[in-house]
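Structure record follows, encoded as structure tokens.
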Amino acid sequence: MSLKRIIVAGFGGQGVLLIGQMIAYAAMYGGKEVTWMPTYGPEMRGGTANCTVCVSDDPIASPVVAECDVLVAMNGPSLEKFGPMLAPGGDLYINTTVIKEKVDRDDVNVYYVDTTGIAEEVVGNGKTGNMVMLGAVLRKSDVVDIAMMDQVLEYKMTGKKAALIPANKKALTAWEQE
Amino acid sequence: MGEKKLMKGNEAFALAAIKAGCRFYFGYPITPQNEIPEYMSRELAKAGGAFIQAESELASINMAYGAAAAGGRVLISSSSPGIALMQEGFSDLAVIQAPVVAINVMRSGPGIGGIQPAQADYFQVTRGGGNGDYHVIVYAPKSIQEAVEMIYKSFDIADEYRNPVMIAVDGMLGQMMEPVVIPEAIPAMEEDEIGKYKPWALTGHKNKREHNTINSVFLQQEVLEDFNLNVLAPKYQKAEAELSEAECIDLEGAEVVFVAYGSTSRVVLEAMGMLREQGIRTGLIRPKTLWPFPYKVFDNIDPATKHVVSVELSMGQMIQDVKLAVNGRFPVGLINRVGGILLSPVEIAEKTKHLLEVK
Chain A
0 MSLKRIIVAG FGGQGVLLIG QMIAYAAMYG GKEVTWMPTY GPEMRGGTAN CTVCVSDDPI
60 ASPVVAECDV LVAMNGPSLE KFGPMLAPGG DLYINTTVIK EKVDRDDVNV YYVDTTGIAE
120 EVVGNGKTGN MVMLGAVLRK SDVVDIAMMD QVLEYKMTGK KAALIPANKK ALTAWEQE
Chain B
0 MGEKKLMKGN EAFALAAIKA GCRFYFGYPI TPQNEIPEYM SRELAKAGGA FIQAESELAS
60 INMAYGAAAA GGRVLISSSS PGIALMQEGF SDLAVIQAPV VAINVMRSGP GIGGIQPAQA
120 DYFQVTRGGG NGDYHVIVYA PKSIQEAVEM IYKSFDIADE YRNPVMIAVD GMLGQMMEPV
180 VIPEAIPAME EDEIGKYKPW ALTGHKNKRE HNTINSVFLQ QEVLEDFNLN VLAPKYQKAE
240 AELSEAECID LEGAEVVFVA YGSTSRVVLE AMGMLREQGI RTGLIRPKTL WPFPYKVFDN
300 IDPATKHVVS VELSMGQMIQ DVKLAVNGRF PVGLINRVGG ILLSPVEIAE KTKHLLEVK
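Those protein sequences? They're chains A and B, same order as listed. Under numbering that gives the first Met the number 0, the residue at position 42 of the first sequence is numbered 41, and the numbers go up by one with no gaps. Under numbering that gives the first Met the number 0, the residue at position 49 of the second sequence is numbered 48, and the numbers go up by one with no gaps.
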């Protein structure tokens, strides 16, 4: 598999850094090379957060990319900022809980995911919206094997958080493409 | 070797230091290295070590001076302007020959500068930085894994050479996550063993031996010259002969040879792939040590090479060493970005093509 560059972006608190980390863990467990790079800077509460994940079979030259193959836009400003970086033929995931407009671009594959809505209705836990989005990405984009997520969830969620594993697993398969 | 873990650079550096037997860390906050003191504040005591948040960078390096003089394995860390504040301390560590490992997670400058990645401290870390005739041994890893391995090695090199050793990375390596395998732990030295391995250390003579003295003041010029020429100079010559390291890639038949270190070398590698697809053969010399600089490997450059290009996130600092190494044999160019902006592979490829066209 050649290099896959994924950008996950949204508001702070939407779990965008976690989505990226989960992909990175899964890639590592799957024997891939991987880098995860967050923005760091004078960030403010309620500001934007994003991370770039590179997954490849070969060593990764740079964790910073000028172009991406997968963009997960959790809010409008992220779509505006990173949309132009999505390469033609790439996959675009839109969080329709926040972004109401349709994407006006026919050279990419667009997937609309009502993260919080699905998390509330299907999972019964609105906080698992980021996992709903992650599940959509893993099932539609050839990045990492979704089966790896069991191992990742068990590694990331220990102690009291272990009780949340079933809800998160459910969230990963909750989205159905319209 | 342990299991593969996904770790943030700064946390992996701190963990590596603890596993390498470091038991003293004196920190002061500054972005983008804050996860190092954060990790140490949480984990070092669990390993039986001492974490102190100093009141300033200057205090931090002077605490390191004390702990190292007493024979401890000591780590300090900061980022560019913080390292600048420590410079009189580095000069003092060099003269008392104290083994201290320092991590500099570089950001842009000059002055307080910005907090984004840069390599603008090349002069500061390789040209002394503090006053007087001394050198700090400087490693420049390209990945979190290599940084971890270099940190292990640095503690041994610092002890062997009785000299400060610095790990120079940029904010990108500090902030990113990569899979890393932490090598097997080196047990920390027991207090009663220190005197055996570090007979010079101030461990308390208990009336069983002559007392040791650690001194940084030599007011008699003959004494100071003798110390500089007969203690420091041979040590630095030995370091130059034994420690300089570089990775060379595809030098044979290369039209252009890039010279790049740390995270920038990774971007250069990607640019090299792009240029290869366009029929331009390029090679890379990646210094793993910035001081001593690996001058000798430049003799391996193919005589048919047209250009040597220093690629750096600074305004042309390493290029001085590259020119010394090349010694007039090839034209030396510069490809750089500064101020916290990273080079992209496309930009390097384009600028390289431009260099070849202009000649």
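The beta carbon of each residue, even a glycine, is placed where N, CA and C say it ideally should be. Keep in mind the model is a prediction, meaning the values are calculated, not measured.
Comparing the C-beta of residue i with each C-beta of chain B, is any distance below 8 Å?
i	result
residue 0 of chain A	With a pLDDT of only 48 at residue 0 of chain A, under 50, the local geometry of the prediction cannot be trusted, and no value is derived from it.
residue 37 of chain A	yes
residue 92 of chain A	no
residue 23 of chain A	yes
residue 48 of chain A	no
residue 146 of chain A	no
residue 40 of chain A	yes
residue 33 of chain A	yes
residue 65 of chain A	yes
residue 158 of chain A	no
residue 27 of chain A	yes
residue 18 of chain A	no
By DSSP's criteria, residue i is part of a beta bridge. Which residues make up the other side?
i	result
residue 309 of chain B	B:258 and B:333
residue 7 of chain A	A:50 and A:71
residue 5 of chain B	B:178
residue 125 of chain B	Note: residue 125 of chain B sits in no beta bridge, so no partner.
residue 284 of chain B	B:247 and B:258
residue 116 of chain B	B:106
residue 52 of chain B	B:26
residue 34 of chain A	A:53
residue 174 of chain A	Answer is none; residue 174 of chain A lacks a bridge partner.
residue 290 of chain B	B:137
residue 101 of chain B	B:75 and B:165
With a threshold of 8 Å between beta-carbons, can residue i be considered close to chain C, or not?
i	result
residue 60 of chain A	This model lacks chain C altogether; the protein chains it does include are A and B.
Quick one: is residue i near chain A, going by C-beta distance under 8 Å?
i	result
residue 105 of chain B	no
residue 2 of chain B	no
residue 341 of chain B	yes
residue 248 of chain B	no
residue 269 of chain B	yes
residue 360 of chain B	With chain B represented from 0 up to 358, any question about residue 360 of chain B goes unanswered, as that position is not in the structure.
residue 265 of chain B	yes
residue 344 of chain B	yes
residue 276 of chain B	no
residue 34 of chain B	no
residue 175 of chain B	yes
residue 283 of chain B	no
residue 31 of chain B	yes
State yes or no: is the C-beta of residue i within less than 8 Å of the C-beta of residue j?
i	j	result
residue 251 of chain B	residue 301 of chain B	yes
residue 238 of chain B	residue 136 of chain B	yes
residue 321 of chain B	residue 337 of chain B	no
residue 223 of chain B	residue 211 of chain B	no
residue 142 of chain A	residue 69 of chain A	yes
residue 347 of chain B	residue 333 of chain B	no
residue 117 of chain B	residue 128 of chain B	no
residue 47 of chain A	residue 76 of chain A	yes
residue 52 of chain A	residue 5 of chain A	yes
residue 289 of chain B	residue 260 of chain B	yes
residue 1 of chain B	residue 147 of chain B	no
residue 121 of chain B	residue 316 of chain B	yes
residue 151 of chain A	residue 24 of chain A	yes
residue 50 of chain B	residue 58 of chain B	no
residue 310 of chain B	residue 342 of chain B	yes
residue 134 of chain A	residue 172 of chain A	yes
residue 27 of chain A	residue 50 of chain A	no
residue 119 of chain B	residue 312 of chain B	yes
residue 32 of chain B	residue 39 of chain A	no
residue 3 of chain A	residue 54 of chain A	yes
residue 283 of chain B	residue 273 of chain B	no
residue 56 of chain B	residue 84 of chain B	yes
residue 171 of chain B	residue 262 of chain B	yes
Thinking residue i and residue j are a contact (beta carbons under 8 Å), I'd like their distance in whole angstroms, please.
i	j	result
residue 129 of chain A	residue 20 of chain A	About 11 Å; that fails the 8 Å criterion.
residue 97 of chain B	residue 163 of chain B	7 Å
residue 351 of chain B	residue 266 of chain B	12 Å between Cβ atoms; not a contact.
residue 48 of chain B	residue 24 of chain B	7 Å
residue 27 of chain B	residue 77 of chain B	7 Å
residue 35 of chain B	residue 114 of chain B	With 8 Å as the limit, residue 35 of chain B and residue 114 of chain B do not qualify as a contact, their Cβ atoms being about 15 Å apart.
residue 19 of chain B	residue 185 of chain B	5 Å
Continuous beta strand (DSSP E) assignments of at least 3 residues falling wholly in the segment 36-114 of chain A: 47-55, 67-72, 85-94 and 108-112
Taking only runs that begin and end inside the segment 133-192 of chain B, name each unbroken beta strand (DSSP E) of 3 or more residues, in chain order. 136-138, 164-169 and 176-180
Runs of beta strand (DSSP E) lying entirely within the segment 55-94 of chain B, each at least 3 residues, in chain order: 73-77
Note down, one range per segment and in chain order, each beta strand (DSSP E) of at least 3 residues found wholly within the segment 209-274 of chain B. 245-248 and 255-258
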